[in-house]
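**Student:** Right, I'll just put the structure down here and ask away after.
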Amino acid sequence: METRHTPLSVRLAAIKENGRLRLHFSGIVQGVGFRPFLYRSAERFQLKGFVKNTSAGVTLEVEGHHLPEFVRHIVRHSPPLSRIETLRLEEIPARNSKEFAILESDTQGQKNVLVSPDIALCPECRDEMAAAADRRHAYPFTNCTDCGPRFSIIEDLPYDRPLTTMKGFKMCPDCKREYESPADRRYHAQPISCPHCGPKLKLLIKGKPGKTEPLTGALTIMKADRVLAVKGVGGFHLACRAVSQKAVARLRHLKKRERKPFALMAVLEMIRGVCRVTPKEKELLKSPAAPIVLLQALPGNRLGEIVAPGQNRLGFMLPYSPLHRLLIEKMGEPLVMTSANRADEPIIFKDNTRELPKLADAVLTHNRPIHAFADDSVLQVFEKNIYFIRRSRGFVPLPIRLSFSSPETVLALGGMLKSTFTLLHGNQALVSQHIGDTETTSALAAEKQAIEHFLKLFALRPRVIAVDSHPAYPNRLLAADFPGAKVIEVQHHRAHIASLLAESGETGKVLGIALDGTGYGDDGTIWGGEFFSGDLHGLERVGHLLPIFLPGGDAAAREPWRTALSLLLALPGAEKATRRFAKKFGPKGDQVFEAIVQRRGGVMTTSCGRFFDGVAALLGLGERNSYEGELPSLLQAVAEKARPQKQPYPYAIEKKGGMLVLNILLAMEAMLADKKSRAEKARCFHLTLAHGLLDMAINLTSASGIRKAALSGGVFQNTLLLRMSRDLLQENGFQVLRHTQVPPNDGGVSLGQAVLAAVKYRKEF
Ligand SMILES: [Zn+2]
Ligand SMILES: [Zn+2]
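Taking our numbering, the leading residue of the sequence shown gets 395, the next gets one more, and so forth.
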């Protein structure tokens, strides 16, 4: 982007009004209507010359008058989906061209064209679908050069129909005419089709074709409060009526998902009925990426109680594909639209799976294959900026620009939960779509397939493989696919901090604060509340949260009541109270009590996520996490109901083994004795942690003079904690870095792994 503005005006000042210019554009300039746009612009300025796609982008030559004005025009008005990364400009001798022509693509040489993400239905296509006389009226596969599937249907580059999953559909004469006409909106729109020649819908009930027209049949299923699987852009969704307790209960039963909130799809007017929508949130909902945006729910709405019990936010997206649009329009109400998968495995995107019929009462599918899966992206707005929870469809595979260039290609395999991988080459990091939890063989197979797709698209071969330092993460096995590549281990929480440094282009020294669930530490214990000092060349651990005992290890992550017992028992003189609390859980409670006393059958951890678990359970918000982070998210939701608190609970900073240790266990005693409401206590706990972080930051930087704090890790999905910590740090002179391009959670870990491995490789090998 930087080459688009200031430098350009300087360069334009130096060129002549009349003559011939050659321009090279790179970035997202293919498959987004860029050439027809240049054609129309040249006609408008009455210029002669030509335009053509090259393997490096687009080359344009123009001859005539008002050249600087023409260049300004194209830079300012380039098509919405295009992204000009660089623009090279040279004056060349005139050739007296007689016309303006679009020349054949020149596809030699290295592939360095960016691949466009999948793009939501554009307003023009939407209007065509709505117009009764249009030949694409109510056509569920309408698209044009401004919209439609891209990443999910591209098998290889160059982006041409035979290399997409549309290759099996022969264009009818009408579509062909549009495709070949430079003045048409569908000029070279590779997924172009119409009801005569394009993909067709199909409804399957119990694996057999339904008797009615597919869309009508699908609506009947949903109207009867049953669950419909729908093939979308990057995979299948499970859809049902969101306002029906019965339908949502059926979906929870089929998906085996007890309480986890579901994503919703609706048009903006419906969303406004249940949520507050700020201008920025509206802009994001309507953006070409069309992500799920977490919105503040209006108090007392029934829909929220059904789809997201206990939460004060609802995740909504607009109908982003033509098929979704038809479903929402005809149902006339919000629908649950959740990824079709088992637990947190990768989304189902192939038709021939045996799983789908088990997850839904009927399947609405079609015969346009999905080549690459992509779950919906999920984000929230934090102070008018994107704050990702999941970066996937609509954003992938756009690169993240780095402040340095790596001569070696690095493949980083990510963590185990909410996994992504990253391919780093030159100054670009390509962070993959959301893969999911990679604990099962099917999930690993999905990651492997997605990696192969990226390597093919971008014609890369990794020389370095970055993996989590946890010796038992299953995705380490994928490194074996690249014999000869150097495998570099990266500690989980350093990767979190590095991902933030990478996306923000930060090269100076920072204090990195990683508050997270759990990750494997240098010493073989479980970390998750860590302070690091340094930069991408080295992040030294300088502090951590006071370790707590997790009875049952991983079991405690599912059953936070165990952690609550452990926190309670650590308080002075709390043995009796702890025994009473343990009684609530029967014989198991007694066993866990004994285990804590004897420090057996568990692990010590500095995890901040587990601490939140324990606090939420102590405040009576629940005993189990039916999904990852359930109780911590309820703790945030309840805290947000309370008025701001002034005074934090007591905490201490202790020195141990050359490190500073933040003891917030001390706060527990005060919190339990506090007579305030539960919401106020929850809020005060957040405030205490934020004060603790500030004190740690002041102490840990007093010698080095570092003035920047980088906040990352899954706990910082909690925007209440983020805001409190940010405010306190800023008031005390720190510049605070936070994520805007990748999630603070484990979805960002692969980016951090990739940059740390690239730097280490350059230094050591
Ligand atoms: Zn369109
Ligand atoms: Zn057609």
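Glycine included, every Cβ here is placed at the ideal spot set by N, Cα and C.
For T972, count neighbouring Cβ atoms within 10 angstroms of its own Cβ and tell me buried if that reaches 16, exposed if not.
**Tutor:** Burial call: buried.
**Student:** Excluding five sequence neighbours on each side, which residues of the same chain lie with their C-beta closer than 7 Å to the C-beta of K850?
**Tutor:** Correct list, in chain order: D550.
**Student:** Distance check for P462 and P703, CA to CA, integer angstroms please.
**Tutor:** Taking the straight line joining both Cα atoms gives about 58 Å.
**Student:** Spatial neighbours of G503 within its chain, please: CB distance less than 8 Å, with the 5 preceding and 5 following residues excluded, ordered by chain position.
**Tutor:** Since pLDDT at G503 reaches only 48, below the 50 mark, its modelled position is unreliable, and the value read off the structure follows with that caveat. Closer than 8 Å at Cβ, skipping near neighbours: T448, S449, A450.
**Student:** Report whether the distance from the Cβ of C591 to the nearest heavy atom of ligand 1 is below 7 Å.
**Tutor:** For ligand 1, not one heavy atom lies less than 7 Å from the Cβ of C591.
**Student:** So who's on the other strand from R707, going by DSSP bridges?
**Tutor:** Paired residues: Q690.
**Student:** Quick one: what's got a C-beta closer than 7 Å to K1154's C-beta in the same chain, skipping five residues either side?
**Tutor:** Hits under 7 Å: I882.
**Student:** Let me know if I486 comes out buried or exposed under the rule of 16 or more other beta-carbons within 10 Å of its beta-carbon.
**Tutor:** It is exposed - the Cβ of I486 has fewer than 16 other Cβ atoms within 10 Å.
**Student:** Please name the residue in H847, R935, G932, P954 whose C-alpha comes closest to that of I942.
**Tutor:** The shortest C-alpha separation from I942 is found at P954.
**Student:** With a cut-off of 8 Å on the beta carbons, I'd call R489 and R414 a contact; round off their distance for me.
**Tutor:** Contact holds; Cβ gap of about 6 Å.
**Student:** Can you name the residues that DSSP bridges to N779?
**Tutor:** F776, per the DSSP bridge assignment.
**Student:** Assign T999 to buried or exposed, taking buried as 16 or more other Cβ atoms, counted over all protein chains shown, within 10 Å of its Cβ.
**Tutor:** Answer is buried; the Cβ neighbour count reaches 16.
**Student:** Buried or exposed for Q440, going by 16 or more other Cβ atoms inside 10 Å?
**Tutor:** Counting Cβ neighbours within 10 Å, Q440 comes out exposed, since fewer than 16 surround it.
**Student:** Going along the chain, which unbroken runs of the alpha helix (DSSP H) with 4 or more residues stay wholly within the stretch 794–877?
**Tutor:** Correct list: 835–851.
**Student:** Can you tell me which of the three DSSP states Q1041 falls into?
**Tutor:** The answer is coil: DSSP assigns Q1041 none of H, G, I, E or B.
**Student:** How about C1183: is its Cβ closer than 7 Å to a heavy atom in ligand 2?
**Tutor:** The question about residue 1183 has no answer, for the chain in this structure spans 395 to 1159.
**Student:** What's the gap between the Cα of C566 and the Cα of Q1111?
**Tutor:** One C-alpha to the other measures close to 49 Å.
**Student:** Let me know if Q424 comes out buried or exposed under the rule of 16 or more other beta-carbons within 10 Å of its beta-carbon.
**Tutor:** Counting Cβ neighbours within 10 Å, Q424 comes out buried, since at least 16 surround it.
**Student:** Is L796 closer than 8 Å to V730 when the C-beta atoms are compared?
**Tutor:** Contact: no.
**Student:** Please list, in chain order, all residues of the same chain as K1075 whose beta carbon is under 7 Å from its beta carbon, the five residues on each side excluded.
**Tutor:** Around K1075: L1013, M1065, D1068.
**Student:** With DSSP run on the structure shown, which of helix, strand or coil describes F987?
**Tutor:** F987 falls in the helix class under three-state DSSP.
**Student:** On a Cα-Cα basis, can you pick out the residue from E934, R935, A964, I920 that is closest to T947?
**Tutor:** Correcting the residue identity first, residue 947 is Gly in this sequence and not Thr. Checking every option, the nearest Cα to that of G947 belongs to I920.
**Student:** Going straight from the alpha carbon of E897 to that of P543, what length do you get?
**Tutor:** C-alpha separation (whole angstroms): 26 Å.
**Student:** Residues in the same chain with beta-carbon distance under 6 Å from Q774, minus the five sequence neighbours each way, listed in chain order, please.
**Tutor:** So the qualifying residues of the chain are L688, Y781.
**Student:** How about F419 and L481: are their beta carbons less than 8 Å apart?
**Tutor:** In contact: F419 and L481 (Cβ atoms closer than 8 Å).
**Student:** Tell me where the alpha helix (DSSP H) around C538 begins and ends.
**Tutor:** It is not in any alpha helix (DSSP H) - C538 carries neither H nor E in the DSSP assignment.
**Student:** Enumerate in chain order the residues of its own chain whose CB-to-CB distance from S733 is below 6 Å, with the five nearest sequence positions on each side excluded.
**Tutor:** For S733, where only same-chain residues beyond five positions count, the Cβ hits under 6 Å are I741, D769.
**Student:** For a minimum of 3 consecutive residues, which ranges assigned as the beta strand (DSSP E) are wholly contained in the stretch 620–694?
**Tutor:** Listed in chain order, the complete beta strand (DSSP E) runs (minimum 3 residues) inside the stretch 620–694 are 622–625, 630–635, 686–691.
**Student:** According to DSSP, is P751 helix, strand or coil?
**Tutor:** The answer is helix: DSSP assigns P751 an H, G or I state.
**Student:** In terms of residues, what are the limits of the beta strand (DSSP E) holding K442?
**Tutor:** Taken as a continuous stretch (DSSP letters only), the beta strand (DSSP E) holding K442 covers 442–448.
**Student:** Pairing CB atoms from the stretch 514–533 with CB atoms from the stretch 797–805, are three or more of them under 8 Å?
**Tutor:** No, they do not touch.
**Student:** If you follow the alpha helix (DSSP H) that P517 is in, where does it begin and where does it stop?
**Tutor:** First-last of the alpha helix (DSSP H) with P517: 517–524.
**Student:** Report yes or no: do three or more beta-carbon pairs, one from the stretch 1125–1141 and one from the stretch 889–906, lie closer than 8 Å?
**Tutor:** The stretch 1125–1141 vs the stretch 889–906: in contact.
**Student:** What's the gap between the Cα of G421 and the Cα of G427?
**Tutor:** Approximately 13 Å between the Cα atoms of the pair.
**Student:** Does the stretch 1001–1017 touch the stretch 1026–1033, meaning 3 or more C-beta pairs lie closer than 8 Å?
**Tutor:** Segments in contact, yes.
**Student:** My output table needs one value for V904: the three-state DSSP class, helix, strand or coil.
**Tutor:** V904: strand per DSSP, three-state reduction.
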